[in-house]
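Just so you know, we're using this note's numbering here: the sequence shown kicks off at 112 and counts up by one.
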Amino acid sequence: MTLFVQINKRLVADSIINIHCPNCNTAGVVQMVIYQKYANVFFVPWMPAGKDVLAKCNNCSAVFIKKQFNDGLKQSYKDIKKGAAWWMYSGLTFALLLIVFAVYMGIQGEKENEILVLAPEQGHVYDVKLEDKVFTLLKVTAVKGDSVYLVQNQYASDDYSGFNGMRDKPYSSDVHAVPKKQIKDWYDSGFIRNIHAD
Ligand SMILES: [Zn+2]
112 MTLFVQINKR
122 LVADSIINIH
132 CPNCNTAGVV
142 QMVIYQKYAN
152 VFFVPWMPAG
162 KDVLAKCNNC
172 SAVFIKKQFN
182 DGLKQSYKDI
192 KKGAAWWMYS
202 GLTFALLLIV
212 FAVYMGIQGE
222 KENEILVLAP
232 EQGHVYDVKL
242 EDKVFTLLKV
252 TAVKGDSVYL
262 VQNQYASDDY
272 SGFNGMRDKP
282 YSSDVHAVPK
292 KQIKDWYDSG
302 FIRNIHAD
């Protein structure tokens, strides 16, 4: 797990603050150090993960953690507190962009399918679900008038992702003719899952 997610920290402030030390009451000697923590996922900054803050007196060496801050220290912390840097969100931003892109591509793909399904052409290949866990391909060999001529791939896959390799496999020589409207109905009913026109 430590390899996947790591918490790193980066110094964001290190300055002498304008208060009296709560311990020795000396002015101009208290130093405040702030670290911004952020989560790395596979070495990519993913998101900010809180801050570490510490005040130390350069005169009496007293150290104050956040819980021990008096009002003066709290105010100073508020004044110099800096936000997380944009790059600490790199991974999260990238993931969101990927999701947006995937959704966009999905919508584009659907639009394209809806057009293709109405205009079958020789060479179109349909991903079809014959039954539960049986997927194969149908290829349009010809379109004549209102008839679409189809051949079925000789191979079937038990999962949808198996389609990629199947396109190079041989098709049956049995040709089936169906009316054009059938293609649209098959798409609407989910029998045709996707269409390739390239
Ligand atoms: Zn002090």
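Heads up, the beta-carbon is just placed ideally off N, CA and C, and yes, glycines get one too. All values reported here derive from a predicted model rather than from experimental measurement.
Starting from residue i and walking both ways along the beta strand (DSSP E), at which residues does that stretch end?
i    : result
D238 : 236-242
G161 : 155-168
K177 : No beta strand (DSSP E) holds K177; DSSP gives it neither H nor E.
K148 : 141-152
Looking at residue i and ligand 1, is the gap between the Cβ and the nearest heavy atom below 6 Å?
i    : result
A166 : no
N181 : no
A173 : yes
N119 : no
N129 : no
N170 : yes
N151 : no
Check whether the Cβ atoms of residue i and residue j sit closer than 7 Å, and answer yes or no.
i    : j    : result
K250 : V239 : no
N224 : I306 : yes
V116 : V152 : yes
K167 : Q147 : no
Y271 : K280 : no
C171 : N136 : no
V140 : C132 : yes
P231 : V214 : no
So residue i and residue j are in contact, right, with Cβ under 8 Å, and what is the actual spacing, rounded?
i    : j    : result
I130 : G183 : 4 Å
F175 : Y188 : Wrong, their Cβ atoms sit about 10 Å apart, outside the cutoff.
W198 : P156 : 6 Å
V228 : I294 : 6 Å
I191 : S126 : 6 Å
L241 : R278 : 17 Å between Cβ atoms; not a contact.
K292 : D269 : 30 Å between Cβ atoms; not a contact.
F205 : F246 : With 8 Å as the limit, F205 and F246 do not qualify as a contact, their Cβ atoms being about 32 Å apart.
Determine the extent of the alpha helix (DSSP H) in which residue i is found, giving its start and end residues.
i    : result
S300 : 291-300
A317 : Any question about residue 317 goes unanswered here, given that the chain covers just 112 to 309.
F212 : 201-227
S258 : Here S258 belongs to no alpha helix (DSSP H); instead the beta strand (DSSP E) covers 258-263.
N119 : Note, N119: premise wrong, no alpha helix (DSSP H); beta strand (DSSP E) at 116-128.
Smallest Cα separation from residue i: which of the options?
i    : options                : result
K120 : C132, Q233, A195, Q293 : A195
H287 : S258, D299, K280, D279 : S258
I128 : K162, D163, N169, A150 : N169
Y298 : I226, S201, A124       : I226
D285 : I303, Y260, G301, G276 : Y260
G161 : F154, K177, S172       : K177
G256 : G234, S283, V289       : V289
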